[in-house]
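What follows is a short report on a single structure.
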Amino acid sequence: MEKCILEVDSIYFVSVSRRSLPSPWLWEPVMFCIQEAVSNCGNITVTQPGRDGYPLYVCTAYGDHTSCCFRAANGSSADCRSDFIRGGEPALLTGDALYTTHSGLGYRDGVYRTSKNTPLMPSSQADQRYVKIIERRKEENPLQDKLYAFYTEKSNDQSPDSDLFTPRVSQICKADLGGSKDTLQFQWTSQLSSRLSCGDPSRKLYYTVLLDVAVLPSEDGGDDRVYGLFKNGWDMRAVCVYAMKDIDSTFSSSTTEPTETLSKRPGECVQDSKRLPSNLLKYMKRNPEMANWVRPIGNSNPLLVSRRHYSHIQVDRVGGTVGQEGHKVLLLSMESGVVHKVLENSTSPFIIAEYHPFESGTQILSMLLDNSEKKLYVSSSHEVVQIELRNCSVYGNQCTDCVLARDPYCGWDSGRKTCAPYSDGLTQDVLNGNYHDCTPYRSAPFGSGVDKPVPGPPSKDVPESSRHYLSCPIDSHHATYRWLKDGEERQSLEDQKQEQLVLLIEGMGSADEGGYECVAQEGDYQKTVAHYQLRMTSGVAGLKSSPLALALLALLLTLTC
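Numbering-wise, the sequence shown is residues 1 to 561 according to the UniProt record's numbering.
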């Protein structure tokens with residue numbers, strides 16, 4: 001019996017929860033395409049927003065054959081075409097043209113255009129791996145509309161000091177029709193490339209493998225920002241930020257090869273590229289590179305450097321209005337299947353929250369941000385999970401916890417006594433997490449922050465000489481947790497898997513009786529997370545020990561011996 005495996009390599013506003021489905025005009029064609037692909041053993045390789053009453057543009061691969069169609073809610077299709085399109089590659093549908101990439105073939109890797117009139121392909125023979133295609137429109141002059149493709153290229157330089165990989169961005173004119181019959185026919189005549197710089201130039205330390213790219217549009221029609229996620233040879237990750245105007249400027253500068261004999265500037269967008277001079281076409285066939293690198297905004301060092309193995313990035317703006325920047329939030333997925341919500345800060349990035357959308361170890365294939373609804377869609381090979389970025393209930397029902405989270409999506413609603421999606425009038429301090437604006441602390445001196453009084457500790461009877469452990473949940477990785485007995489700190493162990501701080505009593509005795517308190521401290525704020533009053537009772541001891549207690553005992557003995 002043949003088995004049919006459905007693989008969704010890219011996602012477009014698809015939710016698997018019936019409680020939060022997209023509107024029917026979008027969901028119905030999605031479901032129809034999935035059912036059709038399953039029944040015919042096909043793999044959905046590309047999904048893009050459609051047009052003209054067809055909300056989706058879907059490419060489905062059946063073996064070596066790929067069919068791309070506009071799909072309607074009733075399952076009907078239009079404008080179908082066939083081409084070899086690889087799954088997992090970046091794709092962009094604009095107008096009647098579909099732009100896709102081929103990576104890792106070592107021969108004609110690059111950007112391909114599929115359209116009715118002018119299909120085009122690259123002329124490069126380098127080993128390239130693409131991560132993103134973005135469109136750059138010029139409303140005042142559509143002839144100058146361009147595409148920028150971001151990728152990593154394997155270096156041909158065999159010298160021991162050279163980098164094995166080079167991160168690049170290439171420019172292509174959307175109006176490109178290919179060259180003449182003699183040179184670059186059905187191939188790009190406007191493609192230029194430049195190196196992306198990310199690292200510390202003063203130390204000559206660069207991140208040379210580009211993993212992902214996200215674009216943050218300007219709120220007021222100004223300059224868009226491009227966020228690049230990189231890694232280096234030591235598997236360190238870095239995020240660098242570029243201004244779109246700087247990328248435009250780089251491709252308006254000079255190339256590495258002389259151009260004095262050319263009548264037109266290389267890479268210029270023209271009405272009919274088939275009529276370009278032959279010497280210019282031959283020049284462009286050599287895949288010219290810009291002399292200047294694309295450097296981060298202000299020639300700055302990376303915004304973020306981490307040992308965490310991040311693999312995908314999305315960026316959102318929260319709270320910005322016309323003329324205001326608002327707060328920028330990075331959403332970074334890890335190879336282990338974890339997603340971090342990170343606040344971009346002028347001093348150092350601040351991890352706001354950590355999400356676990358799948359079972360441990362599940363690889364995340366892609367992420368999609370719906371910035372209007374503030375939802376993040378995360379896909380694995382078998383499912384898509386929706387993460388609500390404005391789920392503020394996770395910060396509890398205390399004003400201090402809500403404000404200390406520094407989550408720009410959330411604020412403290414004093415009227416409803418809850419942490420809620422932020423709106424005017426709610427208490428919030430994203431930059432500093434200053435909880436002194438919470439009502440109980442308005443008149444309190446700085447440094448006096450403690451949690452509100454908690455009820456008396458519950459009593460626990462523990463048999464004499466028995467092993468016993470107390471657990472304390474770790475809710476914030478920015479706080480320091482400690483177990484105290486009658487005010488004095490006791491040795492404890494952090495269980496990272498269960499996210500708790502454990503205090504183990506090896507054999508209950510009279511000296512172990514008394515009050516135990518787990519406190520969390522973040523800055524000058526301290527609160528009690530858990531507290532108990534232990535009493536020793538007589539009886540048969542040590543007959544029952546939980547596996548967790550025994551494991552903790554073994555680890556503590558290892559640490560103390």
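All residues carry an ideal CB built from backbone N, CA and C; glycine is no exception.
Residue 315 and residue 206 have their alpha carbons spaced roughly 23 Å apart. Closest in C-alpha terms to residue 421, from the list 295, 367, 407 and 429, comes 407. Collapsing the DSSP output to three states places residue 264 in coil. Restricting attention to 391, 481 and 510, the CA atom closest to the CA of residue 529 is found in 481. Under the criterion of beta carbons closer than 8 Å, residue 266 and residue 259 qualify as touching, at roughly 6 Å.
If you draw a 10 Å sphere on the C-beta of residue 164, you find fewer than 16 other C-beta atoms in it, and that means exposed. CA-CA distance, residue 537 to residue 514, rounds to 13 Å.
Counting only the Cα atoms, residue 429 lies some 46 Å from residue 143. In terms of Cβ geometry, residue 196 and residue 294 form a close pair [threshold 8 Å]. Shown here, residue 144 sits in a helix according to DSSP, grouped into three states. Cβ-Cβ separation between residue 359 and residue 375: approximately 21 Å, too far for a contact (criterion under 8 Å).
Check the Cα spacing between residue 369 and each of 313, 418 and 356: the tightest is with 313. With 16 or more other CB atoms across the displayed protein chains lying within 10 angstroms of its CB, residue 71 is buried. Under a 10 Å Cβ-count criterion, residue 153 is classified as buried, with 16 or more other Cβ atoms of the shown protein chains found around its own Cβ.
The beta carbon of residue 405 sits closer than 7 Å to the beta carbons of 352 and 395 from its chain, once the five residues preceding and following it are set aside; these are given in chain order. Listed in chain order, the non-local C-beta contacts of residue 345 below 8 Å within the same chain comprise 431, local neighbours out to five positions each way being set aside.
Here residue 468 is buried. Its C-beta has 16 or more other C-beta atoms within 10 Å. Relative to residue 250, the option among 169, 300, 235 and 533 whose CA is nearest is 169. Annotation: residue 170 is outside any alpha helix (DSSP H); the continuous beta strand (DSSP E) that includes it extends over 165-173. If the five residues before and after residue 90 are omitted, its C-beta is found closer than 6 Å to the C-beta atoms of 101, 130, 132 and 133, all from its own chain and listed in chain order.
With 16 or more other Cβ atoms inside 10 Å of its own Cβ, residue 518 counts as buried. For residue 251, the enclosing alpha helix (DSSP H) has its first and last residue at 244-251.
Comparing alpha carbon positions, the residue from 209, 216 and 254 closest to residue 238 is 209. In the DSSP secondary-structure assignment, residue 419 is bridged to 412. One alpha carbon belongs to residue 485, the other to residue 534, and they sit about 10 Å apart. Beta-bridge partners of residue 483 (DSSP): 490 and 518. With distances taken between CA atoms, residue 274 lies nearest to 118 out of 475, 105, 487 and 118.
Within the region 276-360, the runs of alpha helix (DSSP H) at least 4 residues long that lie entirely inside it are, in chain order, 278-285. Taking a C-beta distance under 8 Å as the contact criterion, residue 240 and residue 201 do not qualify as a contact pair.
The Cβ atoms of residue 186 and residue 178 sit closer than 8 Å to each other. As DSSP reads the structure, residue 389 sits in no beta bridge. Nearest C-alpha to residue 231 among 262, 308, 158 and 222: 308. Residue 57 sits in a strand when the DSSP states are folded into three classes. By the neighbour-count criterion, in which a residue is buried when 16 or more other Cβ atoms sit within 10 angstroms of its Cβ, residue 160 is exposed. Rounded to whole angstroms, the Cβ separation of residue 337 and residue 364 is 6 Å, and the two are in contact under 8 Å.
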